[in-house]
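Residue numbers (the numbering used here): 3 to 308. Below you'll find the structure, written out as structure tokens, and then a few comments.
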Ligand code: GRF
């Protein structure tokens, strides 16, 4: 890939993930998929064109970092100064987190919002399990808890339309699925295009899809003989675990691993990865490559993407 055009900025208001070739018209008006929806509060988007040179990291220290492909990015047109803009933080984002279980990922993100590394706040927690650990923790922290989807047993649970209305009322910018086991309905995906992220405990596209959840994932990884596993964070589409991959981490699968041991190793990485992704999302550092792959712009070096 010699030259690429990239779309920069939040796509929370976009209605389609498709990426247009921007080489021909750098300053043309923003395409329709950037039109803000009336009820949403994120309105910034930037259009920048870069020439990208890919090369394998030249240093040979074997570490997670050095195994990444380095991208050197050179500005090729007189375009708005993105690097300068990066320093200016936009408004704090409002996050909704969805959980079904213990909520350890939710907790690590929450702590990062309090610490300040995530420039946003968790304004509501959504769960299908009233008494799960995540919901309990939210109540303890005075974060409103919403029950979804609607069930006969839970009169307070919301329909998808009511959920969308409620999330709008909370002015939610992004939805983070942190161990939420129900399929996300189309209505919600349409209401929050490219703004819903899920964490999955395997290296997608392997060991994902319907039926791959919890220990089943880790048992399948071990049974397959795979030597590596790790979490994936991806944008959510209408199927289980098929949306565009945003970030991954790798852990070894050891010869003697039980599913529980592997799960614990993966979970440890999940906590860090989800916080890093939440930081990037709240800093408007998600970049959509021309071919539709989302990437994270490095905070330290705005010319690096992963
Ligand atoms: C994590 O392993 C996540 O990948 C999966 O569900 C688990 C949730 O754990 N989707 P927790 O509730 O955050 O502790």
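For every residue, glycine included, the Cβ atom is placed at its ideal position computed from N, Cα and C.
Exposed unless 16 or more other CB atoms sit within 10 angstroms - verdict on residue i
| i | result |
| --- | --- |
| residue 294 | exposed |
| residue 206 | buried |
| residue 214 | buried |
| residue 155 | exposed |
| residue 307 | buried |
| residue 275 | buried |
| residue 289 | buried |
| residue 303 | exposed |
| residue 299 | buried |
| residue 20 | Unreliable placement is indicated for residue 20, whose pLDDT of 31 sits below 50; no coordinate value is reported for it. |
| residue 115 | buried |
| residue 241 | exposed |
| residue 153 | exposed |
| residue 164 | exposed |
| residue 269 | buried |
| residue 204 | buried |
Segment limits, alpha helix (DSSP H) that includes residue i
| i | result |
| --- | --- |
| residue 279 | 261-284 |
| residue 163 | 162-171 |
| residue 174 | From DSSP, residue 174 is part of no alpha helix (DSSP H); its letter is neither H nor E. |
| residue 115 | 106-117 |
| residue 236 | Per DSSP, residue 236 belongs to no alpha helix (DSSP H); it is in the beta strand (DSSP E), 234-237. |
| residue 223 | 217-226 |
Anticipated Cβ contact below 8 Å, residue i with residue j, distance rounded
| i | j | result |
| --- | --- | --- |
| residue 191 | residue 198 | 6 Å |
| residue 96 | residue 172 | 6 Å |
| residue 94 | residue 122 | 5 Å |
| residue 231 | residue 253 | 6 Å |
| residue 102 | residue 183 | 4 Å |
| residue 99 | residue 178 | 5 Å |
| residue 301 | residue 287 | 7 Å |
| residue 174 | residue 126 | 7 Å |
| residue 109 | residue 139 | 6 Å |
First through last residue of the beta strand (DSSP E) which encompasses residue i
| i | result |
| --- | --- |
| residue 122 | 122-129 |
| residue 186 | Unbroken run through residue 186: none, as it is neither H nor E. |
Bridge partner(s) assigned by DSSP for residue i
| i | result |
| --- | --- |
| residue 231 | 253 |
| residue 98 | 126 and 177 |
| residue 141 | BP columns for residue 141 are empty, so no partner. |
| residue 206 | Residue 206 pairs with nothing; no bridge assigned. |
| residue 307 | 299 |
| residue 149 | 129 |
| residue 247 | 236 |
| residue 200 | 179 and 236 |
Any C-beta of chain B under 7 Å from that of residue i
| i | result |
| --- | --- |
| residue 95 | Note that chain B does not occur in the displayed structure, where there is just one protein chain. |
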